[in-house]
Amino acid sequence: MRKALSPVLATVFLVLFVMILGVIIYLWAQGFLEEHLEKFGRPIDSLCSEIKFDAKKVAGQKNQIEITNRGNIDIFKFSIKIEKDGDTKFEDFEYSAPARGSARGDFGIIGKKATIYPVIIGKSGSKNKIYTCINNGKTINL
């Protein structure tokens, strides 16, 4: 005579199977559900093309740059990619440049050239989040 699974054990296995399947579907679907950041009621990535700024090394200063915001969008801070001898490092430039304003300050890493990316603030629901405009960088020689 063959023994079968008891109904209680079968129910436990079925519940576990459904829970595991639910977790798998949730993790898979997370890749499709991006967080939508907005600024001025528009997707934040569409504003990056409207950010206009100039960057230059301050003459006579070893690690100082000046950034002038020529656009109408406030820049929260900057992310700087510094290249030296085939090595690349990133540093945050914690100075903000308001619309039509400028920022000037020191950065800590010495290199041959730097690419400066603007970082702006957008809203996701009720929370503020930062967004780096990686397609809008300016490269300067140091």
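Heads up, the sequence shown is in the numbering used here, so the first residue is 905 and it goes up one at a time.
Cβ atoms here follow ideal geometry from the backbone N, Cα and C, with glycine treated the same way.
| Asked | Found |
| --- | --- |
| Cα-Cα separation between I979 and G945, rounded to whole angstroms | 17 Å |
| Cβ-based burial, F1011 [other Cβ within 10 Å; buried from 16] | buried |
| Candidates D996, V962, P1022, T992: closest to I977 by CA position | P1022 |
| Of the listed residues G964, I971, I948, K966, nearest to K956 (C-alpha basis) | I971 |
| DSSP beta-bridge partners of A959 | I971 |
| Exposure of K1031, with buried meaning 16 or more beta-carbon neighbours within 10 Å | exposed |
| Cα-Cα separation, K1027 to K907 | 60 Å |
| Nearest-angstrom Cα separation, counted from Q934 out to K981 | 29 Å |
| Backbone CA spacing between L931 and A959 [nearest angstrom] | 42 Å |
| Exposure of I1014, with buried meaning 16 or more beta-carbon neighbours within 10 Å | exposed |
| Integer-rounded CB distance, given that K1017 should sit under 8 Å from E998 | About 21 Å separates the two Cβ atoms, so there is no contact after all. |
| R1006 (DSSP reduced to helix, strand or coil) | According to the sequence as given, residue 1006 is Ser; it is not Arg. Strand, per DSSP. |
| Cutoff 8 Å; reference I1038; Cβ partners in own chain excluding five residues on either side | Y1021 |
| One or two residues paired with N1045 in a DSSP bridge | K1017 |
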